[in-house]
Structures are given as C-alpha cells and as structure tokens.
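Please read the structure below before turning to the comments.
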Amino acid sequence: MIRVLTGLVLAVAMAVPAAAADRKIKDFFGAYLGHGSEEPVGTTGASETHRQTRFSQVIIKSAADNGFTIEWSTLKLKDDDIPSEADTKTHVETFRATGKPNVFQDVTPPEPGLIQDTSWAVINGDTLSIVKVAVAADGNYFVSHYDRTLSKEGMEARFTRFENSHVVRAVKLHLLKGPAEVN
Amino acid sequence: MRLSIALGFAAALVASVAQAADRKVDEFVGRWIGTGQATEGAGSPVATQSRDSEVVIERVADGFKVSWTTMSSDLDDGSKAKVKASSLTFKKTKTPGLFVDVKSGDPLKGKKSTWARITGDALTINQLVVAADGQWDVTTYERTLSSSDRMKLLFTRIKNGAVARQARLEMQLASRSTR
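Protein chains in written order, with my numbering: chain V, 132 to 314; chain C, 2 to 180.
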C-alpha cells in the first residue's frame, strides 16, 4: 500500500511542472549583441514617432563580493541610411550582493549634490532588473529601469526612463548570446 | 504715445513675471475637499474607481504637514468602498521650495524616501519605496492651484517600470482654518 502511494505521489510530482525558480546571476554571464528600436511614448502618434534603430552590446561578468559587472554599449544611427553618423554611449556598473537573495546594490558612491542617488539590481524568474533613481537638488527625479530577460537565443531587453512621473523613453532590444566566455 | 506703449509693455512684463513665480506654502494651507476618478493602464486608461477626498495642509515649525483621507469606490460596485488616511510632515531644505519628509530615509534599507517641492502653481509630493525583493514604486501627488480656492489633484503610481494607476480630482477650499 505504501509503495503504491509513494509511486502515485512521485507520478503526480513528475507530471506537475515545477514552479519557475529564480535564475542565478551566473546564468546571465556572457556577451550579447543585438538591436532594437524606441517605442512610442505619451500621446505621440505612431506616425509621428521615428522609431530609431539601436544596436547594443551587453557584457555581464562576475565581480567581487559575489557581485557582477555589467557593461553596455549603444549605437544609435542619426539617419535611416547606412552608412550614417552614429551616437555611441558606453556605461559600466558594478553591483555587490546584499543579504537578500538575488538582490544587489551598486558599489558606486552616490553623486554629491543629489538628494537621492540609488541603484540596485534584482533577479525575478528569468529577468535581471536594474533600476536607478536620482533626485536632483531641485526635487526633479529620474528613474531608469532595465529588464533583461534570458531567452533561448540570448536576451530580450526593455528600457524605460521616467522623468517626474512621465515615461519619456522606452526601448526594446533583441540580443543574441555570443560564444565567448567573459570570465 | 510711445511712452504709454512702453509703460504698458513694462506693466505686462512685470505681471507675467509675477505669475511665473513659485507659489508659497501659505497659499496651499487650508482644508480642501473634492471628488474625481481613478484609472488604470497607461496606454488606454480605464476608469475603475470614484474617489472622494479631504486634504488638510497646515503650517508647522520649519515646514508643513499634509493629511489626507480618501474614500475609493469601485465604479462597478459602489457598495465596495475603502477609506484610507495618511499624513506626512515636511521640513524645508536649503533649496527654496524644496522640502523633505521628517521620516525620509534610505529606500534600500527599508525606509521610504519622500520629498516635496513647489514649482509654479504646483505642490508636488513624491515617495519612493523599494521592497525587500527589489520591487519598487514611486507615488506622486501633484496639487495645482487653479485659483485661490480651487485645486487640481493628479495622483500617479509607477510600479516596476509601468504606470499602474492615476487619479484626477477637483478640489475646493472648504476653509483656510485647519482646526
């Protein structure tokens, strides 16, 4: 009887999909390359919005204190034609682990003169989210929110920027993971 | 003729500068009551609740205190109503028109970070909360004087990168006394 019940329990457990556990930061390590475009925000009509193409590279690797470093570079073409002039920007941030599982804090000291300068990262499911909040000396505030979700091919990235409760920019990117090891 | 035109121009210029100056806290002091609606969704917001609210703004040492009580009723079922009351006390900073909540702290250490500022006709209060699991939200109350006894309230909650809820209310001054 006990054997029958045990077998039944095992069969049910195998049939029911396991709840999705959160990824670990090492699952995100690697180099990713891809492109995407800006999404319309506010009341701007789709016909009025030039969905600017962006090319992006993201490198995520381990750092001290069970943390990680993320380096991302973005190239925006000024015109639709290629070749075209382009704006490029590169950002680097390093995070250290905190006492909370899958929650990390930026190691960079706050910028002086700001009322608030806070950046943190958190992993939920397959998504690594990085949020930065800055409050200027005059009380204006800005939030940058990156969601990077692991996919079969690499990563889907979504960026949203808020200025004083208004979405001022939204970008979606599709990135492929390269074969290079980054550690 | 030219002198009168010049004087008229100068007067208009002075008047426009005076209008553009930031309001003072005293202009917001009083007991305000009003009504409006809450919506959800950013792209095509849908009205979900009616809201009735009372706000009391009063002077305290080195700053001001805001207390508000709101009754929210589902539009689909008016019998389902919730009442919520809150209050915040702000002290002034070195920057004119900028105030910080006396209980404000580091959001990554479990504290709420709350600040207020007066720009033009608006008194805006922002509050940032970061939960233990890293989820965040920013709540903004923007109270704009449209006259000495009328105020528009715009409430916005942004949650984890998306506008989750907004509410718009029209408020009227019930009394300058806050007792």
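By construction, the Cβ of each residue, glycine as well, lies at the ideal position given by its N, Cα and C atoms.
Taking CB distances under 8 Å as the criterion, tell me whether residue i reaches chain V.
i	result
Trp116 of chain C	yes
Trp137 of chain C	yes
Leu129 of chain C	yes
Val47 of chain C	no
Leu154 of chain C	no
Thr96 of chain C	yes
Thr36 of chain C	no
Thr157 of chain C	yes
Ala16 of chain C	Reliability fails at Ala16 of chain C, whose pLDDT of 49 lies under 50, so the model's placement of it is uncertain and the value that follows must be treated cautiously. For Ala16 of chain C, the answer is no, since every Cβ of chain V falls outside 8 Å of its Cβ.
Ala165 of chain C	no
For residue i, would you say it is in contact with chain C, using Cβ-to-Cβ distances shorter than 8 Å as the test?
i	result
Phe293 of chain V	yes
His222 of chain V	no
Ala265 of chain V	no
Ser296 of chain V	yes
Gly176 of chain V	With a pLDDT of 44 at Gly176 of chain V, under the threshold of 50, the predicted position of this residue should be treated as unreliable, though the coordinate-derived value follows. No, Gly176 of chain V does not count as interfacial toward chain C.
Asp299 of chain V	Contrary to the premise, residue 299 of chain V reads as Val rather than Asp in this sequence. So, not an interface residue.
Gly309 of chain V	no
Starting from residue i, find everything on chain C with Cβ-Cβ shorter than 8 Å and list it in chain order.
i	result
Tyr163 of chain V	The premise fails here: Tyr163 of chain V is roughly 20 Å from chain C at the closest Cβ pair, so nothing lies under 8 Å.
Thr184 of chain V	The premise fails here: Thr184 of chain V is roughly 22 Å from chain C at the closest Cβ pair, so nothing lies under 8 Å.
Asp318 of chain V	Since the displayed chain V opens at 132 and closes at 314, residue 318 of chain V lies outside it and no answer follows.
I want to verify the contact list: residues of chain V whose CB lies under 9 Å from the CB of residue i, in sequence order.
i	result
Asp134 of chain C	Lys231, Pro232, Asn233, Val234, Val253, Asn255
For the beta strand (DSSP E) that contains residue i, what are its first and last residues?
i	result
Ile261 of chain V	258 to 266
Ile246 of chain V	Counting along the chain, Ile246 of chain V falls outside any beta strand (DSSP E), and DSSP gives it neither H nor E.
Thr219 of chain V	217 to 228
Leu89 of chain C	82 to 93
Val147 of chain C	The displayed chain sequence assigns Ser, not Val, to residue 147 of chain C. 137 to 148 is the span of the beta strand (DSSP E), which, as asked, contains Ser147 of chain C.
Asp156 of chain V	First, the residue type needs correcting, since residue 156 of chain V is Ile and not Asp in the sequence shown. Segment: none, Ile156 of chain V is in no beta strand (DSSP E) and carries neither H nor E.
Gly37 of chain C	31 to 41
Asn127 of chain C	123 to 131
Name the chain V residues that come within less than 7 Å of residue i, Cβ to Cβ?
i	result
Pro108 of chain C	Thr249
Determine whether the beta carbon atoms of residue i and residue j lie at a separation below 8 Å.
i	j	result
Val299 of chain V	Arg289 of chain V	no
Lys220 of chain V	Arg185 of chain V	no
Val264 of chain V	Val253 of chain V	no
Gly309 of chain V	Ala152 of chain V	no
Thr225 of chain V	Thr205 of chain V	no
Glu169 of chain V	Ala301 of chain V	yes
Pro108 of chain C	Thr239 of chain V	no
Ser260 of chain V	Tyr277 of chain V	yes
Leu304 of chain V	Phe159 of chain V	no
Ala39 of chain C	Gln167 of chain C	yes
Ser88 of chain C	Lys66 of chain C	yes
Trp251 of chain V	Gly135 of chain C	yes
Gly165 of chain V	Gly285 of chain V	yes
Thr36 of chain C	Asp75 of chain C	no
Arg151 of chain C	Ala123 of chain C	no
Val84 of chain C	Thr70 of chain C	yes
Identify the contact partners of residue i in chain V, using a Cβ-Cβ distance below 8 Å as the criterion.
i	result
Ile58 of chain C	Ordered by position in chain V, no residue passes the 8 Å Cβ test against Ile58 of chain C, which lies about 17 Å from the chain.
Thr141 of chain C	Asn295, Ser296
Quick one: which chain C residues come within Cβ less than 7 Å of residue i?
i	result
Ser187 of chain V	Near Ser187 of chain V there are no residues of chain C at all, since even the closest Cβ is about 18 Å away, more than 7 Å.
Ile246 of chain V	Trp116
Gly270 of chain V	Leu99, Trp116, Arg118
Strictly below 9 Å CB to CB, what residues from chain C border residue i?
i	result
Ile201 of chain V	What Ile201 of chain V touches in chain C: nothing, since even the nearest Cβ is about 15 Å away.
Val238 of chain V	By Cβ distance, chain C contributes nothing, its closest Cβ being about 13 Å from Val238 of chain V, past 9 Å.
Val302 of chain V	Correct list: empty, because the minimum Cβ distance to chain C is about 12 Å.
Val262 of chain V	Val131, Gly135, Trp137, Asn161, Gly162
Run the CB neighbour count on residue i, radius 10 Å, all protein chains shown included, and call it buried at 16 or more, exposed below.
i	result
Asp102 of chain C	buried
Ala117 of chain C	buried
Ser178 of chain V	With a pLDDT of 42 at Ser178 of chain V, under the threshold of 50, the modelled position of this residue cannot be trusted; read the value that follows with caution. It counts as exposed.
Asp269 of chain V	exposed
Asp63 of chain C	exposed
Gly111 of chain C	exposed
Ser80 of chain C	exposed
Met132 of chain V	exposed
Leu307 of chain V	exposed
Ser105 of chain C	buried
Arg177 of chain C	exposed
Gly31 of chain C	buried
Arg3 of chain C	exposed
Please confirm whether any heavy atom of the ligand FAD lies closer than 7 Å to the CB of residue i.
i	result
Pro310 of chain V	As for the ligand FAD, it is missing from this structure, which has no ligand bound.
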